[in-house]
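Novice: Those sequence lines, one after another, are chains A and B. Taken in order, the first sequence gives residues 2 to 491; the numbers are from the working numbering. Taken in order, the second sequence gives residues 73 to 318; the numbers are from the working numbering. Here a beta-carbon is modelled for each residue, glycine too, at the ideal position from N, C-alpha and C. Below is one structure. I have some questions about it.
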Amino acid sequence: MVRPLAPGQVVGGFRLEELLHRGGMALLWRVTHPAHDPLPMIMKVPIIGYGEGAGAIVGFEVEEMILRRLSGPHVPRFVAAQLAEQPYLVMERIPGPSLLPLVEKAPLPAAEVAALGAKVALALHDLHRQHVIHFDVKPSNVMMRESGEAVLIDFGLSRHDQLPDLLAEEARLPVGTAPYISPEQVLGHRRDPRSDLFALGAMLYLFATGQRPFGNPQHSRRALRRRLYQDPVPPRALDPSFPPWLQEIILRLLERDPEMRYATGAQAAFDLAHPKEVRLTERADRMNKPPLGTVIGRWFKSFIPPEQAPQPTLAGRLAAAPIVMAAVDLAPDMQELADALRVIVRRILEIEPKARLACVNVLKVPRIGIDFGEDEQGRSLHLQRLLELKHWARPLGLPEERVTCTVVESPDPAAALVDYARQVKADHIVIGARGTSALRRYLGSVSSQVVAEAPCNVTVVRTRVEVEELGRSLGETLAPAGEGMAGGPS
Amino acid sequence: MLTALMSDIHGNREAFEACLADARTRAVERYVFLGDYVGYGADPDFVVDTVARFVEDGAVALLGNHDAAVFGTGDDMNAFAAQAIDWTRTRLDAAQIEFLRRLPLTAEEDDRLLVHANGWAPEGWGYITGPVEAERSMRRTAARLTFCGHVHVPAVYWMTPRSPAVPFAPVAGVRIPLLASRRWLAVVGAVGQPRDGEPAACYALLHERDGTLTYVRVPYDVDAAARKIIAAGLPERLAARLYRGA
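Below you can see the structure in the form of structure tokens.
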């Protein structure tokens, strides 16, 4: 029998301080524990009705199972949990409100929506990387850390790709929240991380326009079926001044077919963070909903069960859509190396047709001095570099939506490249190494510093070095006795 | 307590030794063998002797249908299996056959049922190949957890009193929480003749402390095991399937 809880009571060593929230499914208490000071914590206690068994708290069990396996800045830190007797789940308390109050303020400026969207998309990418699909992304389930990262909360409807999906027991209604639920979720499919990207699209649509893309339908199977054939009103039909690039991104996130959406959260975040680089398609210009005939056709099709192709794992999906970052050295004497770099990049892109290429060049600026980009000369140099970078990428023949070019200004090229890789969540850096001179090894090259500090895979590209040249270069630093290296010239 | 659950070794010495070595590195404290020590593979005597030694040290070992066929008729088996059993009889001495004859069909400990094939009729050797059979088995035992083998394909099923059994394909190396609010049935896969398309030997680890189950895949010297099968004059097909894990 579960007793009512009261402030001052101690549960599992945690002292209940204050009841923060009483929801339909759970109570939220602010709790303290001497061993965990000063981490602010909340305890979630499920409400179990009289005579209800374990099934009544399946969402709670799911959250307990999943949260304890998650880590990183985009989720609340797991502290403790218990499923027996008095069930509870203790986690880090994220200060501040969720994104819910922002709904009142919508429509928000496009730049603000994009910045917010990029943060949430990165949080989703991090979650997907940890084998979890959220399945209930909405403003009340996203919070912001003071340090700026988006935090996803409430994993009661989530699925861990490598663990039993307890919600598979609940075959009654589609699992999700009606205004945000994706078409495939309506059909009961719980395998695709891009369902979260659809919900992100619905949320960004709401923030950017002040309206829900599909209204606020009842949570009934019949009402939700409309998601299978209905398109949202394009934001530009509501407000012709709505930026085309943001419409492009939002409508792509809201594509009914997951294949047509962004492949990963990181790729969506990339576009949201680089509005000028967004490649505009027909979506950006759309001013009307599709003609009735099209919708009726889709309605008929919605009754044909889709073919159930074998589903790739979550890790497989992310691995198939990497962000590849090419660090291109555009110095005139590095032409050969830049060409060699392109050969390797092409090979990588051929293997992964969903990969996205981010080309980066660092414009080295003096450590001390006035802002380089301010004066005319600086601006034109920056632009010139950008044109050269695009010129470098052009022979790859990539469609515009798969490639972006960025020039970064920094006094420290290696640090700037590593920073950029972190920022865009690059999976793979391809970088050229300038040569093998003794001096370079002594001072440390840009590529070796990138290899040492990169947050991801690094491929170092070199133009072929002739054996004698290499031997000579090595000889400069090897023992004066002149012992050749194994396999070197004898 | 960390318990290793191994099933369907089928006279495959190389796979068995690889799994035992793996279990030792994980500090396994207890062993449960879910049957089918013989049949198909070329080292039934080695496997039976090794299991018998573990039993002397407190391990649980159950009877499988191939073991029963050694001292029974084996007339419900396919031609290849029957041929392997006929050959196996020539390789076991009276003491080894007596060891098999004395093995129990089931064992119950704490909230667990251990059985080779299923919980509804262990001596009938019916297969659990989907949620319908899994549910049938779970409903016929009071034990919350059922561990079995026999199918050679690792699988987990769970159910609540109100909902039917749900299947789950375990991922090797991932700890699966066997939540106390549900009943679970785990097919632990095969040590000596995997059939899920993955040739590596398979067994499972039960972590009693936190109630989780982990499937382990152990690569072993398939070449050596296959060569011995052919050298023994057993059907070539039995060697070939080890490479495919099918």
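So for S449 of chain A, helix, strand or coil by DSSP?
Specialist: Here residue 449 of chain A refers to the residue found at position 448 when the first sequence is read from its first residue. S449 of chain A: helix per DSSP, three-state reduction.
Novice: N458 of chain A bridges to which residues according to DSSP?
Specialist: Taking the first residue of the first sequence as 1, we reach residue 458 of chain A at position 457. DSSP lists A:H429 as partners of N458 of chain A.
Novice: With DSSP as the reference, label S411 of chain A as helix, strand or coil.
Specialist: Walking along the first sequence from the start, residue 411 of chain A turns up at place 410. Here S411 of chain A sits in strand by DSSP.
Novice: Beta carbon of Y292 of chain B, beta carbon of A87 of chain B: below 8 angstroms?
Specialist: Taking the second sequence and counting its residues from 1, the one referred to as residue 292 of chain B is at position 220. Taking the second sequence and counting its residues from 1, the one referred to as residue 87 of chain B is at position 15. Going by C-beta atoms, Y292 of chain B is nearer than 8 angstroms to A87 of chain B.
Novice: Hey, how far is the Cα of V127 of chain B from the Cα of Q424 of chain A?
Specialist: In the second sequence, residue 127 of chain B corresponds to position 55, counting from 1. In the first sequence, residue 424 of chain A corresponds to position 423, counting from 1. Approximately 58 angstroms, taken between the alpha carbons.
Novice: May I have the straight-line CA-CA distance separating E283 of chain A from Q131 of chain A, to the nearest angstrom?
Specialist: Against the first sequence, residue 283 of chain A aligns to sequence position 282. Against the first sequence, residue 131 of chain A aligns to sequence position 130. Their Cα atoms are separated by approximately 34 angstroms.
Novice: Checking 8 angstroms against the spacing of the C-beta atoms, do A244 of chain B and R316 of chain B come in under that value?
Specialist: On the second sequence, residue 244 of chain B is found 172 positions in, with the first residue counted as 1. On the second sequence, residue 316 of chain B is found 244 positions in, with the first residue counted as 1. Cβ atoms of A244 of chain B and R316 of chain B: not closer than 8 angstroms.
Novice: Just to confirm my understanding: we take S183 of chain A, look at its own chain, exclude 5 residues before and 5 after, and list those with CB closer than 6 angstroms. What are they?
Specialist: Translated into positions along the first sequence, residue 183 of chain A becomes position 182. For S183 of chain A, where only same-chain residues beyond five positions count, the Cβ hits under 6 angstroms are S196, F199.
Novice: So, is N84 of chain B buried or exposed, given that buried needs 16 or more other C-beta atoms within 10 angstroms?
Specialist: Taking the first residue of the second sequence as 1, we reach residue 84 of chain B at position 12. Its Cβ being crowded by 16 or more others within 10 Å, N84 of chain B is buried.
Novice: Hey, P414 of chain A and V363 of chain A: beta-carbon distance below 8 angstroms or not?
Specialist: Numbered from its first residue, the first sequence carries residue 414 of chain A at position 413. Numbered from its first residue, the first sequence carries residue 363 of chain A at position 362. Contact flag set, yes.
Novice: Give every residue of the same chain whose Cβ lies closer than 7 angstroms to the Cβ of L387 of chain A, excluding the five residues on either side of it in the sequence, and list them in chain order.
Specialist: Here residue 387 of chain A refers to the residue found at position 386 when the first sequence is read from its first residue. Correct list, in chain order: C406, V408.
Novice: If the criterion is Cβ atoms closer than 8 angstroms, does the pair N217 of chain A and P175 of chain A meet it?
Specialist: Against the first sequence, residue 217 of chain A aligns to sequence position 216. Against the first sequence, residue 175 of chain A aligns to sequence position 174. Result no, Cβ atoms of N217 of chain A and P175 of chain A do not sit closer than 8 angstroms.
Novice: Say whether chain A places a C-beta atom closer than 8 angstroms to the C-beta of T286 of chain B.
Specialist: In the second sequence, the residue the question calls residue 286 of chain B occupies position 214. No - not a single Cβ of chain A is within 8 angstroms of the one on T286 of chain B.
Novice: Do P47 of chain A and M66 of chain A have their C-beta atoms within less than 8 angstroms of each other?
Specialist: The residue labelled residue 47 of chain A in the question sits at position 46 within the first sequence. The residue labelled residue 66 of chain A in the question sits at position 65 within the first sequence. No, these two residues do not count as a Cβ contact at 8 angstroms.
Novice: What are the boundary residues of the alpha helix (DSSP H) that L285 of chain B is part of?
Specialist: The sequence position of residue 285 of chain B within the second sequence is 213, counting from 1. Where L285 of chain B is concerned, there is no enclosing alpha helix (DSSP H), although the beta strand (DSSP E) it sits in stretches over 284-290.
Novice: Helix, strand or coil for W30 of chain A per DSSP?
Specialist: Residue mapping note: residue 30 of chain A aligns to position 29 of the first sequence, counting from 1. The answer is strand: DSSP assigns W30 of chain A an E or B state.
Novice: Buried or exposed: which applies to I301 of chain B, given that a residue is buried once 16 or more other Cβ atoms fall within 10 Å of its Cβ?
Specialist: By one-based count along the second sequence, residue 301 of chain B stands at place 229. Classification for I301 of chain B: buried.
Novice: What is the DSSP secondary structure of L17 of chain A, counted as helix, strand or coil?
Specialist: Reading the first sequence from its first residue, position 16 is the one you call residue 17 of chain A. Strand at L17 of chain A.
Novice: Between which residues of its own chain and R184 of chain B is the CB-CB distance below 6 angstroms, once the five residues before and five after are set aside?
Specialist: For the purposes of this step, residue 184 of chain B is identified with residue 112 of the second sequence, where counting begins at 1. Answer for R184 of chain B: A215, L217, listed in chain order.
Novice: Which one or two residues does DSSP pair with P249 of chain B in a beta bridge?
Specialist: Working through the second sequence from its first residue, we reach residue 249 of chain B at position 177. Answer by DSSP bridge pairing, in chain order: B:T284.
Novice: Report back the beta-carbon spacing between H129 of chain A and L153 of chain A to the nearest angstrom; my notes put them in contact at under 8 angstroms.
Specialist: Translated into the one-based positions of the first sequence, residue 129 of chain A becomes position 128. Translated into the one-based positions of the first sequence, residue 153 of chain A becomes position 152. Rounded, the Cβ-Cβ distance is 11 angstroms, inconsistent with contact.
Novice: Quick check: is the beta carbon of V238 of chain B nearer than 8 angstroms to any beta carbon in chain A?
Specialist: Taking the first residue of the second sequence as position 1, residue 238 of chain B is located at position 166. With 8 angstroms as the cut-off, V238 of chain B counts as an interface residue toward chain A.
Novice: Residues in the same chain with beta-carbon distance under 7 angstroms from D127 of chain A, minus the five sequence neighbours each way, listed in chain order, please.
Specialist: Here residue 127 of chain A is taken as the residue at index 126 of the first sequence, counted from 1. Closer than 7 angstroms at Cβ, skipping near neighbours: G73, H75.
Novice: Just to confirm, is the Cβ distance from L28 of chain A to L40 of chain A under 8 angstroms?
Specialist: Sequence index remark: in the first sequence, residue 28 of chain A carries index 27 (1-based). Sequence index remark: in the first sequence, residue 40 of chain A carries index 39 (1-based). The answer is no: Cβ separation not under 8 angstroms.
Novice: Just how far apart, CA to CA, sit V431 of chain A and L117 of chain A?
Specialist: The count along the first sequence starts at 1 and reaches residue 431 of chain A at position 430. The count along the first sequence starts at 1 and reaches residue 117 of chain A at position 116. Spanning the two alpha carbons is a distance of roughly 29 angstroms.
Novice: At which residues does the beta strand (DSSP E) containing W230 of chain B begin and terminate?
Specialist: Translated into the one-based positions of the second sequence, residue 230 of chain B becomes position 158. It spans 227-231 - the beta strand (DSSP E) in which W230 of chain B sits, taken as one unbroken run.
Novice: List the DSSP bridge partners of M288 of chain A.
Specialist: Here residue 288 of chain A refers to the residue found at position 287 of the first sequence. According to DSSP, which records beta bridges pairwise, M288 of chain A is partnered with nothing at all.
Novice: Is the stretch 336-354 of chain A touching the stretch 273-291 of chain A in the sense that three or more CB pairs, one from each, lie closer than 8 angstroms?
Specialist: Touching, no.
Novice: Based on the DSSP output, what are the partners of M44 of chain A in its beta bridges?
Specialist: Position 43 of the first sequence, counted from the first residue, corresponds to residue 44 of chain A. Answer is A:W30, A:V91.
Novice: How is the beta strand (DSSP E) around R184 of chain B delimited, first residue to last?
Specialist: As a first step, residue 184 of chain B is located in the second sequence; it is residue number 112 there, counting from the start. Taken as a continuous stretch (DSSP letters only), the beta strand (DSSP E) holding R184 of chain B covers 184-187.
Novice: Starting from the beta carbon of A252 of chain B, find every residue of chain A whose beta carbon is closer than 7 angstroms, and list them in chain order.
Specialist: Locating residue 252 of chain B in the second sequence gives position 180, counting from the first residue. Those are L84, A85, listed as they occur along chain A.
Novice: Please identify the residue among A:H275, A:A274, A:I250 whose C-alpha is closest to the C-alpha of Y263 of chain A.
Specialist: One-based indexing of the first sequence puts residue 263 of chain A at position 262. It is A:I250.
Novice: Between L418 of chain A and G266 of chain A, what straight-line distance do the alpha-carbon atoms span, to the nearest angstrom?
Specialist: As a first step, residue 418 of chain A is located in the first sequence; it is residue number 417 there, counting from the start. As a first step, residue 266 of chain A is located in the first sequence; it is residue number 265 there, counting from the start. So the two alpha carbons sit approximately 21 angstroms from each other.
Novice: From R98 of chain B to L74 of chain B, what distance separates their C-alpha atoms?
Specialist: Reading the second sequence from its first residue, position 26 is the one you call residue 98 of chain B. Reading the second sequence from its first residue, position 2 is the one you call residue 74 of chain B. One C-alpha to the other measures close to 9 angstroms.
Novice: Could you check what DSSP says for V223 of chain B in three-state terms: helix, strand or coil?
Specialist: Taking the second sequence and counting its residues from 1, one reaches residue 223 of chain B at position 151. Coil.
Novice: What are the residues in the stretch 140-163 of chain A lying within 7 angstroms of chain B by C-beta distance?
Specialist: The residues in question are Q163.
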